[in-house]
Structure formats: C-alpha cells, structure tokens
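Chains as they are written, first to last, in numbering that gives the first Met the number 0: chain A, 0 to 366; chain B, 0 to 634.
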Amino acid sequence: MVRARFRDFDWVLLGFVLMLSVISVFEIRSATAMTKFHGFQEKQIGFLLVGLLLMFAISLVDYHRLLDIAYWAYGVGVVSLIAVRVVGQKVLGGRRWINLGGGVHFQPSEWVKLILILVMARFFWERVGEGRTLRWGDIGKAFLLIGVPLFMVLKQPDLGTSLTYLPILVAGLFLGGIRWKHAAILVLSVVVVGGIGWSTGKLLKPYQRARVTAFINPDSDPKGSGYQVRQSLIAVGSGGIWGKGTNKGTQTQGDFLPIPYTDFIFAAFCEEHGFVGAIGVLLLYFLILVRLIQNAQTAADPPGTLIIMGVMAVILFQVAINIGMCVGFMPVTGIPLPLMSYGGSSIIFTFLALGIVMNIRMRRFVN
Amino acid sequence: MDNANIDREEKLSPVKLHATQYIVALILFVLGVGLWRLQVLGGTNWRVLAEENRIRKVPVLAPRGRIFDREGRIIVDNYPSVTCYLVREQKNLDADLPQIANGLHLTVEQIQATIKHFQLTPKYQPIPIKQDITPDEQAFIEAHRNELPELETLDEQRRLYPRDGFAAHLIGYVGEVSENDLNQSRYAAYSPGDVVGKFGVEETYDEVLRGVDGSRDMIVNSHGKEVGVRGQELAQPGQDLRLTIDLDVQMAAEKALEGKIGAIVAMDPHTGEILAMASRPTFDPNQFSVRLSKAYWQSIMDDQDHPMMNKTIQAQLAPGSTFKIIMSLAGLQENVAQTMHVMCNGGGVFFGQFHACDRHHGMVDIQNAIPWSCDTFYYTLAAKLGIDTIARYGSSVGIGEKTGIDLPDEQAGIMPSQLWKLKTQHQPWYPGEVVSVGIGQGAVEATPLQLARAISGIASGGVLRRPHVVFPSEITPDELSAVQSSYPGSGDKTVPLTPENWQIITDAMAQTIQGNGTAAEARLEGVDFAGKTGTAQVMSHAALARSGGGHKTEPNAWFVGMAPRRNPDIVVAVLWEHANWGKNSAKLAAQVVDAYVNKQRMKAGNLQKVAAKPEETTPAGTGGTAPATATPTGQ
C-alpha cells in the first residue's frame with residue numbers, strides 16, 4: 000500500500016479544469032436565459048461540486064486496488080447495461096437511464112466508460128508485463144472487451160456514448176504495442192469494409208442507414224440534422240472575431256441553435272465570445288490534455304500510464320468530435336463536450352476520471 | 000495479482016507518449032483552423048445569415064390617400080381591417096394546412112395556390128392568405144397561437160367605396176397587383192401582394208395615393224415567435240386627393256341614369272374640370288378591394304351591357320345628330336352654310352341614292368336646321384363640304400383623338416377621312432359615304448366626353464380644354480407632367496370660330512330646347528339651357544329587318560347640353576342606349592344642369608354668374624312645324 004500525498008495532487012491541472020468549468024457555468028447561464036431551462040447553471044454548479052468531491056474521494060483509493068477489481072467491475076457494468084434495457088426509463092426514444100429514485104438518474108454507459116479505461120489498462124499491462132508484443136488473439140480479446148458494452152450501448156440506442164469507448168481501445172492498442180503491420184491491416188479492413196458497406200448499401204440496408212441518420216439525431220429533432228449543423232455553423236461564423244457578447248448571441252438566444260447548453264454549447268460560446276474566446280477554450284483543452292500526457296509520462300508504472308492515456312484519449316476524442324461537429328467537420332453524433340456541456344453524468348465521469356489521474360500522480364514517487 | 004511487485008521497467012514506449020502530444024496539438028490546430036475559417040474569414044457572411052434567421056420583416060402598410068370631391072366631401076375612405084399572413088418557414092406547414100383552411104374558411108387548394116403565387120417571395124417574408132378576416136377567424140388565430148405559430152395577423156387600412164357602384168367607373172378600385180402587371184415596366188417597383196389601383200382615379204393616381212409602405216423588423220426565435228422589435232421604418236401615408244367632381248352634380252347624374260344603360264359626363268368647359276361622371280350598368284368596387292368572389296366576377300363578365308366599361312370615355316358610338324354642331328362649325332367657317340337654303344321634303348337624292356329625313360321640314364337654313372335637326376340640310380352640307388373638310392373640322396375639335404383625360408383606357412373614336420379609309424380598310428373613299436357622316440352616322444364614332452368637349456368648346460368660342468378629374472394643383476408639377484404624358488390626347492387647344500358663327504350656332508342650340516326644338520320638353524325655367532339631341536341608329540335598316548327588332552336594336556339617345564348657351568359653365572353629355580329619341584336624354588341632361596344651377600344659385604357669390612337670363616333670341620325661320628328629331632336613314 001502506498002501513501003498518497005496531496006502535495007503531489009495536480010493543482011495546475013485542476014486549475015485549468017476549474018477555469019473551463021467556470022466558463023461552462025456562465026455559458027450555460029447565457030444559453031438557457033431565454034428558455035424554460037433557465038437556471039440550469041445552478042444545477043451544473045451542483046454537479047461540479049459533487050464531481051470535485053468524488054474526484055478527491057477516488058484519489059484516496061490506490062488505483063491498483065481499482066485495477067484489481069476491474070474485471071469484476073466490468074461484469075457489474077455489463078449487468079447494469081442489461082438492467083437499463085429491462086428497467087431503464089425510456090427517454091427520447093432510447094433506454095439509457097435508470098431511475099434511482101429521489102430525482103436521481105443514473106446512466107450506466109458513463110461509468111462503464113470509466114470501467115473500460117481500467118479494464119483496458121489492466122488488459123494491456125498484463126500483456127506488456129509479459130514482455131511480448133500483441134498477437135491477433137490479444138487484439139481479438141481487446142475488441143471483444145470493448146465490443147460487448149459498445150454494442151449494448153449502441154442498441155440503447157446511444158451512438159454518441161458508444162463511440163467514446165473506441166478511443167480507449169485505440170489508446171490501449173497503440174500503447175500496448177500493437178505491431179504496425181497489424182495496425183495497418185486493422186485500419187485498412189475497417190476502411191474497406193466500412194467504405195464498401197456504406198457506398199454499396201450492402202452492409203447497411205436503406206432503413207438501417209436511415210436509422211444511423213436517426214442516431215445522428217439523438218433528440219429526434221423534426222428539423223433534421225442538416226438544419227442543426229447549419230444553425231451551428233451560422234452561430235459559430237456569425238460570432239466573428241470578438242463575438243456578440245454574453246446573452247447577445249442571436250442564434251443561441253433565439254433558439255435557432257439546437258440544445259445550446261449541452262451538445263452545441265461550444266457553438267453558443269463561439270457565437271457570444273468569438274474567435275478569441277474559442278481559441279482561449281481550445282488552449283485550455285490543449286493545456287489539460289498535455290498536462291494529462293505529462294502525468295502519464297511520469298506515472299509510477301505502466302498501468303498508471305495506460306489509465307491516464309485512456310482518460311486523455313476519451314477527452315481528446317470527445318473534444319475533437321464535438322468541436323469538429325460545431326465547426327462542420329464532423330456529423331452530429333450527440334457527444335457532449337467534456338467540462339463544458341451541461342449534464343451530471345458527463346461531469347461526474349470526467350471528474351472521476353480526473354480523480355484517478357490525480358490518484359496516479361499522487362503515487363508517482365511512492366514505492 | 001500482486002501489485003507490489005510491479006515491474007518498473009519502461010515497457011511502454013516513451014516515444015509514443017511523446018508523439019501523442021503532437022497528435023493532440025495537431026487535432027486542436029485543425030479545429031482552430033476550422034474556427035478561423037468560419038469566424039475570421041467567413042464572419043460577415045454568417046452574420047448576414049444569422050440576421051436573416053432572426054429578423055422577419057413585417058410590412059407596415061401605408062394607408063392609401065382618401066378621395067374627396069371638389070368641396071372636400073369624402074368619396075372614398077379607408078377602414079381598419081385585419082389580414083391573415085402565413086409564415087412559410089415552418090417545416091411542418093403541409094400538415095397544418097387542413098386545420099388552417101378550416102379555421103379561416105378556405106380550402107387547402109386555395110392556400111396552396113396562394114403559396115404558389117408567392118413562391119418567388121423570400122421565405123422569411125410572410126404572405127397574405129386571407130384578407131379582411133372576420134372576428135371569429137381572428138379569434139381562431141389567437142386561440143391557436145402555439146399550435147399554428149405560422150399564422151400572423153396584420154392590421155391594415157382597406158378601401159371603403161360608395162355603395163351601389165356610385166361613381167365606380169370614375170374612382171376605379173384597388174386590387175392585388177397581378178402577375179401580368181408585375182412583368183410591365185410601370186409596375187417595376189411593385190412586388191407580389193402589393194395593392195395597386197386598377198381602374199379610374201385609383202389607377203391613374205396610384206403613385207400619389209399609395210404612399211410608401213414601411214416595415215417593422217421583428218426579432219423572432221426558431222419557432223417564428225416574435226420576441227422583440229429591432230427597428231422600424233414608418234409608413235408614409237398616401238396623399239389625399241381632391242377631385243374636380245361635385246358630389247351634388249354627380250348624385251344628379253347617378254340618379255338620372257338609375258335603371259338605364261348609358262353614361263353621363265358633366266364638365267366645366269372653362270377649365271376642363273369634370274363635374275360628374277357616371278356610367279351604367281355599374282359595379283361594386285368594394286367587391287374588388289377584398290378578394291373578388293368568383294360568382295360576382297362571373298356576373299360582371301356575363302353582363303352584355305359591360306358594367307366594367309366607363310362609357311363616358313370608352314363607348315365609341317355613332318354620335319348621330321349631335322355631330323351636326325360640328326358640321327355646322329365646318330359649314331359656317333367655310334362660308335358655305337350661311338347662305339344655304341334647303342328645301343326638305345322628307346329627304347333627298349344624294350350621289351344617286353335617296354336619303355330620308357324624318358319630317359318634311361320645308362325650307363330650312365342653318366338657324367333652324369340645328370333645333371329641328373333636319374337631315375336633308377346636313378346631307379346637302381356634307382355633300383358640299385366633302386369628307387376631308389368635315390374631317391379637318393372634326394379632328395380640330397378632337398373627334399378621332401383621345402381628349403387626354405386623366406383616366407385609363409380612354410378611347411379615341413373615329414373621324415373618317417379619305418386617308419383614314421385607305422389606311423384602315425385599304426379602299427378608296429366613296430364620295431357618297433360623306434352623306435351619312437353629315438348626320439353623325441356611317442364610320443364616325445365618338446365618346447360622350449369627346450362630344451361634350453367638342454360641342455362645349457364650340458359654345459365657348461372655340462376654346463377646348465383638356466378634361467381632368469383631379470385638380471392639377473393637387474399634385475406636384477412632376478406628377479402632373481407624368482400623368483399628362485401617360486394619358487396623351489388633344490389637350491388644350493383653340494379652334495378658329497368667328498363671333499358671328501359662334502352666335503349662330505349657340506343661339507340655334509338654345510332653340511333646340513325651345514318651342515319647336517327637338518328637346519323642348521327638357522326646357523328649364525329660368526335657365527339659359529342649350530344643346531343638341533342625337534338619335535343614332537345602332538344597326539342598318541337591313542340588319543334591323545333581319546334581327547326582327549327588339550330593345551337592343553333601338554337607336555341610342557344622345558344629348559349634349561350646356562348652360563348658359565355661350566361660354567357655358569357646365570356641359571352635360573348624355574348617352575342613353577336604346578332609348579330611341581334624343582329628347583329622352585335631353586331630359587336627363589336637364590336634371591343634371593338643374594342640380595348644378597340650383598346649387599350655384601344657393602351660393603350667394605355665384606348668383607349672378609349662373610342665374611343669367613336666357614336670351615330670348617329667336618332664330619330665323621321658326622315657322623317650322625312640329626318638333627322633329629333626327630332619325631338616321633340610309634345605310
């Protein structure tokens with residue numbers, strides 16, 4: 000058992016994280032000011048406080064203990080995903096939530112994400128620890144470990160969250176020592192199968208394609224995803240260099256921008272605070288991500304590095320997909336922007352993940 | 000698993016970890032480039048789109064100028080009305096159409112047709128789907144604000160015209176600008192849905208009356224709900240217009256025509272100001288100002304008597320014996336008529352063909368040829384003058400040419416001549432044709448206004464004025480010259496007329512309404528009333544025989560009368576279709592003149608001017624027999 004020291008807690012990282020959280024609270028306030036969701040910033044503050052608390056709490060438990068129970072947790076996670084199909088609440092056409100009573104809803108797919116980070120870290124560490132490169136059998140097992148919960152979440156249906164499991168796998172394979180040849184074959188086969196499937200329509204039948212398009216629209220907006228993207232581009236573009244100012248974004252305030260406090264919060268922020276503000280936010284993400292990589296580099300052991308890189312990969316993936324969507328590079332997939340989008344599950348996952356990162360950092364000089 | 004024995008060997012590649020920093024930097028850089036592209040390079044364009052998104056231009060309609068009579072009494076007013084507009088940005092519009100149609104008492108097809116009509120109008124502009132909605136339709140819209148946010152109402156001013164088609168042809172009506180109109184250059188500034196004057200004063204003076212519509216920039220949210228106003232451009236109300244019409248005279252004219260088919264126009268020959276203008280049958284302009292019902296339009300189209308025709312300026316008909324005043328002008332000015340003494344034995348042979356007169360007038364000269372309307376005299380005169388001399392005088396007083404009145408679609412009539420026949424029929428003029436022209440038949444055609452102006456011009460010593468219904472002082476010189484160039488015509492002009500000849504013609508016209516005159520029944524006690532009747536056949540005797548008669552084959556009754564006989568203050572031309580005898584029209588003219596004179600007499604200041612004593616000059620040769628009306632004969 001190692002002793003943790005809060006002196007080694009990454010206060011710089013926490014500072015960046017809290018800066019983004021404050022920006023998030025103000026933008027949620029602005030984006031909901033004219034809507035019935037007015038006051039959501041206060042709930043967001045509540046989520047942040049709970050998140051901080053959980054972050055400190057989880058940093059106290061040695062991450063090796065977490066790795067020990069990773070496979071058990073994986074089993075529980077899969078069961079909870081089954082449970083959500085049985086007793087879950089149907090919201091907007093999908094079963095994703097379990098009502099815990101007292102107004103608290105639980106979204107298993109978010110904490111499964113955390114479990115997968117731990118499971119992947121343990122899985123690849125075990126392979127790396129044996130001092131051998133990955134074989135096809137290892138790759139297959141890794142795919143299976145990620146694939147089962149991914150498929151279950153996809154069927155909820157929640158395309159966005161299921162996609163966030165992929166970077167964990169990719170980061171694991173990358174750092175776990177996948178051979179270049181294998182990686183090339185994997186990428187190539189995914190591209191070929193996906194490309195042929197989509198273009199010939201043999202992989203997906205028309206109605207399935209329509210379903211994918213429907214996935215792209217998590218809120219079943221009658222105006223269609225093309226409309227959402229267009230409104231997002233107008234919001235971002237019309238913000239110009241300096242932005243229109245808080246509470247003055249016409250796209251945000253006029254309800255043209257869909258859900259401007261969750262998935263499209265970055266577009267709302269860009270409209271009201273312009274290119275300057277947007278670059279500032281990008282810079283904060285850059286600092287946070289680089290700080291995570293540095294923590295990974297200084298981790299005491301390979302599983303610590305693997306965990307932090309898993310966290311980093313998920314956050315990077317979500318940032319790239321979400322902001323990419325807001326600027327028109329990516330389709331609408333319903334992936335929230337970590338630390339910015341409103342929502343308890345997302346906040347709590349992020350802070351728990353950061354808590355584990357802190358956990359690892361605090362133990363880097365130990366032993 | 001024993002975590003205490005973790006192998007601390009660096010099994011993970013530090014190069015890979017280092018490389019991820021660059022991957023992160025690259026991804027965020029690409030996102031930054033995306034932001035640069037949108038916000039810095041494309042900012043302006045996106046801002047325009049954002050504005051178009053949230054701003055909806057709602058028209059603020061300018062109230063149209065009101066129309067008054069010459070004394071400032073209101074003829075056309077406006078009344079507040081509500082129009083329902085449709086916002087087409089709503090995505091699920093088609094699904095809502097049945098409900099909208101039901102609530103507004105329309106059909107889905109009607110709404111779809113309206114949407115199609117406005118397909119070129121930008122989507123963010125609402126389009127009118129029903130005008131002048133009822134209170135219960137308004138309540139429907141209010142009650143469904145949330146379900147049908149695409150419906151909007153707009154308060155506007157709507158035209159209120161006199162009832163029963165009073166002065167309808169003069170005033171005209173307004174309506175939505177048609178697709179055809181929009182393709183014309185004069186409607187370049189108009190857009191679909193604009194209300195435009197379509198007839199009468201409303202059309203001629205549309206630009207004066209219409210004003211300039213304003214607009215209000217409403218801030219809307221994505222559901223089309225208005226959440227604020229960004230700015231507005233106030234509407235400039237249209238200019239009020241004072242007409243030269245005298246309501247009292249107009250009412251007399253309308254009353255005189257009640258139940259008849261025909262037209263009455265009254266004018267002040269000194270100025271060309273139109274005092275009254277009525278045409279029958281008439282139409283209800285109020286039916287046109289909202290949405291014209293198909294049934295009403297059909298009833299108008301089916302009416303053989305052309306309710307939409309302003310007969311005072313559009314009916315081109317044979318003037319009959321009223322033309323004899325123009326013949327007399329030609330004959331006297333050519334020094335032919337003064338010395339003519341014609342023996343009327345009920346007609347005579349001209350160019351080898353017998354032409355009948357309706358009576359045996361005996362010896363006739365110019366002084367009694369006019370009041371008796373002796374055809375034989377004018378057959379003789381016409382034969383002596385020849386067609387081209389007659390045409391020269393006819394043209395000089397404006398026959399065959401538009402008068403240039405400030406109303407749309409005036410007709411020119413026809414003043415035949417040798418050249419005219421060659422041009423239009425590619426045949427030489429047959430000399431014998433001149434005989435019927437002498438009594439206002441044959442090819443000669445004139446409108447009531449042309450006759451009023453020509454004959455009153457002669458009575459005014461040869462001074463003809465451009466007729467007009469709006470005081471030139473009411474509009475700017477630019478607008479005036481624009482109107483005059485848009486409605487060209489013979490305009491103001493002076494025709495040579497010696498004082499002696501002037502006296503002969505005017506005295507003879509006064510005799511028409513005296514003892515033996517053709518319109519003696521129209522005599523007005525104490526009024527110097529003069530004029531000329533006309534009974535113009537509408538078809539040849541041969542055609543009449545074939546058709547077997549009937550009301551519509553009866554001759555048209557004409558009368559052009561004025562008071563006083565010289566330099567008249569008022570001229571009235573009456574066309575009563577198929578009324579058989581000119582004297583019938585003379586009685587109608589007398590009613591109008593009487594109304595005018597009574598009114599002037601009541602005005603203390605004008606007492607002397609109009610109450611002038613009728614000159615009791617008796618033309619030579621009053622020894623004629625019974626009053627005679629000219630009945631055209633011949634072809």
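By construction, the Cβ of each residue, glycine as well, lies at the ideal position given by its N, Cα and C atoms.
Query, Result
"D302 (chain B), buried or exposed, once every other Cβ within 10 Å from all chains shown has been counted against 16", "exposed"
"Beta-carbon proximity check, Q137 (chain B) vs T113 (chain B), cutoff 8 Å", "no"
"Contact check, D216 (chain B) vs R229 (chain B), beta carbons under 8 Å", "yes"
"Residue(s) in a DSSP beta bridge with F558 (chain B)", "B:T532 and B:V573"
"Segment contact flag, the region 280-292 of chain A with the region 305-313 of chain A, C-beta cutoff 8 Å, min 3 pairs", "yes"
"Contact between the region 235-246 of chain A and the region 31-49 of chain B (3+ Cβ pairs under 8 Å)", "yes"
"Length of the line joining the Cα atoms of R53 (chain B) and K243 (chain A)", "14 Å"
"C-alpha distance - L496 (chain B) paired with Y160 (chain B), whole-angstrom precision", "43 Å"
"Proximal residues to S221 (chain B) (C-beta, below 6 Å), its chain only, five neighbours per side dropped", "none"
"CB contact check: Q130 (chain B) to chain A, cutoff 8 Å", "no"
"8 Å CB neighbourhood of A267 (chain A) in its chain, flanking five on each side removed", "E26, S29, A30, A234, G248, Q250, T251, L256, P259 and Y260"
"Beta-carbon neighbours of L174 (chain A), restricted to chain B and to distances below 8 Å", "L11, S12, K15 and L16"
"Inter-residue Cα distance where the pair is R63 (chain B) and L328 (chain B)", "46 Å"
"Opposing strand residues paired with H354 (chain B) [DSSP bridges]", "B:G347"
"Residues of the region 239-267 of chain A with Cβ closer than 7 Å to any Cβ of chain B, in chain order", "G239, I240, T249, Q250, G253, D254 and F255"
"Through-space distance from K154 (chain A) to V75 (chain A), alpha-carbon basis", "18 Å"
"Segment limits, alpha helix (DSSP H) that includes L51 (chain A)", "F39 to L59"
"Within-8 Å CB hit, I359 (chain A) to chain B", "no"
"Contact residues within the region 439-472 of chain B, judged by C-beta distance below 9 Å to chain A", "none"
"Neighbour flag for N145 (chain B) against chain E, beta carbons, 8 Å", "Of the protein chains in this structure, namely A and B, none is chain E."
"Run of the alpha helix (DSSP H) containing T388 (chain B), from where it starts to where it stops", "I386 to S395"
"Residues of the region 311-344 of chain A whose Cβ lies closer than 9 Å to any Cβ of chain B, in chain order", "M311, A312, L315, V318, A319, I322, G323, C325, V326, G327 and F328"
"Whole-Å CB distance - A451 (chain B) paired with M300 (chain B), under 8 Å assumed", "Not quite, the Cβ-Cβ distance comes to about 29 Å (not below 8 Å), so this is no contact."
"Cross-chain neighbours of R46 (chain B) in chain A, by beta carbon under 7 Å", "S237 and G239"
"For I244 (chain B), the three-state DSSP class (helix, strand or coil)", "coil"
"Nearest residue (CA-CA) to M561 (chain B), options B:D205, B:E473 and B:S459", "B:S459"
"Residues of its chain near Q410 (chain B), where Cβ-Cβ distance is below 6 Å and the 5 sequence neighbours each way are ignored", "Q313, Q315 and T446"
"Test item: CB-CB of A277 (chain B) and A166 (chain B) under 8 Å", "yes"
"G439 (chain B) beta carbon less than 8 Å from that of E432 (chain B)", "no"
"Where G403 (chain B) meets chain A, residues with beta-carbon distance less than 7 Å", "Within 7 Å Cβ-Cβ: nothing; G403 (chain B) doesn't reach chain A, min ~55 Å."
"Proximity test, Cβ basis, 8 Å: T349 (chain A) and chain B", "no"
"Contact list for L710 (chain B) against chain A, beta-carbon separation under 7 Å", "Residue 710 (chain B) is absent from the model: chain B starts at 0 and stops at 634."
"Alpha-carbon spacing of E253 (chain B) relative to A529 (chain B), whole angstroms", "21 Å"
"Start and end residues, alpha helix (DSSP H) containing D212 (chain B)", "No alpha helix (DSSP H) holds D212 (chain B); DSSP gives it neither H nor E."
"Residues near A535 (chain B) by beta carbon distance below 7 Å, same chain, minus five either side", "L316, A317, P318, G319, G439, Q440, P554, N555, W557 and P631"
"Selection of the region 273-300 of chain A by Cβ proximity to chain B, strictly under 7 Å", "G273, F274, A277, I278, L281, Y284, F285, L288, V289, I292, A295, Q296 and D300"
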